[in-house]
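All residue numbers for the sequence shown refer to numbering that gives the first Met the number 0, where the first residue is 0 and numbers rise by one. Where a beta carbon is used, it is the ideal one built from N, C-alpha and C, also for glycine. Given the structure is predicted, the values throughout are model-derived calculations rather than measurements.
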Amino acid sequence: MPFGIYDQDGELFPELKRQDISVVVVLAENEEYLEQTQRNLPEFYSTQGFQVIHFPIPNYGIPSHERLEVAITKTLEYANASQSALIHCSAGIGRTALFAIFLVMKVMKIPGRDAIRWVGQHHPRSLLTPIQIEMILSHK
0 MPFGIYDQDG ELFPELKRQD ISVVVVLAEN EEYLEQTQRN LPEFYSTQGF QVIHFPIPNY
60 GIPSHERLEV AITKTLEYAN ASQSALIHCS AGIGRTALFA IFLVMKVMKI PGRDAIRWVG
120 QHHPRSLLTP IQIEMILSHK
């Protein structure tokens, strides 16, 4: 998370523009990003010209299937329009992995177990909680 506990000087933010990111999916909850960054991140991103999908997921938790489907669909609409997205929570290993796994399941049309494996190969520091794994494996 730019300006968060792992990037207190905000060095990540200029990199977003250099990497041609145009969409930011914020998975952190309001209180979390306000406490860690001292700013309203979705509003900040918006004022900097980014499209923002604010989809808060409780740390170590899971979202509702309905809300998840809306956020995944919106993210894929941007991707299909050739817009690059940054997906982040706080540390980028739990909720970010969960969201990425659901994107992979939808795009690659593969089951949850295979999507977990795929994301793990490309982001080896991914760390899911038992409830997150259960949500992935039970998804139809």
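In angstroms, rounded to a whole number, what distance separates the CA positions of residue i and residue j?
| i | j | result |
| --- | --- | --- |
| Ala78 | Val51 | 13 Å |
| Met104 | His64 | 14 Å |
| Gly148 | Gly9 | This structure does not reach residue 148, given that the chain is present from 0 up to 139, and the question cannot be answered. |
| Thr95 | Gln131 | 11 Å |
| Leu102 | Leu75 | 8 Å |
| Ala22 | Ala84 | Note that residue 22 is Val in the sequence shown, not Ala. Approximately 4 Å, taken between the alpha carbons. |
| Ile135 | Tyr59 | 14 Å |
| Thr46 | Gln18 | 18 Å |
| Pro62 | Ile109 | 20 Å |
| Glu31 | Pro41 | 12 Å |
| Val70 | Leu15 | Checking the displayed sequence, the identity of residue 70 turns out to be Ala instead of Val. Whole-angstrom Cα-Cα distance: 20 Å. |
| Arg116 | Ile100 | 9 Å |
| Asn29 | Ala114 | 28 Å |
| Phe12 | Arg112 | 33 Å |
Between which two residues does the alpha helix (DSSP H) harbouring residue i extend?
| i | result |
| --- | --- |
| Ile56 | Here Ile56 belongs to no alpha helix (DSSP H), and DSSP marks it neither H nor E. |
| Ile135 | Pro129 to Ser137 |
| Leu33 | Asn29 to Thr36 |
| Gln120 | Gly111 to His121 |
For residue i, which of helix, strand or coil comes out of DSSP?
| i | result |
| --- | --- |
| Ile20 | strand |
Can you round the beta-carbon distance between residue i and residue j to whole angstroms, since I take them to be within the 8 Å contact cut?
| i | j | result |
| --- | --- | --- |
| Val216 | His87 | Past the boundaries of the shown model lies residue 216; the chain is included only from 0 to 139, so the question cannot be answered. |
| Met0 | Gln35 | 6 Å |
| Gly93 | Thr128 | 7 Å |
**Prompt:** What are the uninterrupted segments assigned as beta strand (DSSP E) that are 3 or more residues long and contained completely in the region 46-94, given in chain order?
**Reply:** 50-53 and 83-87
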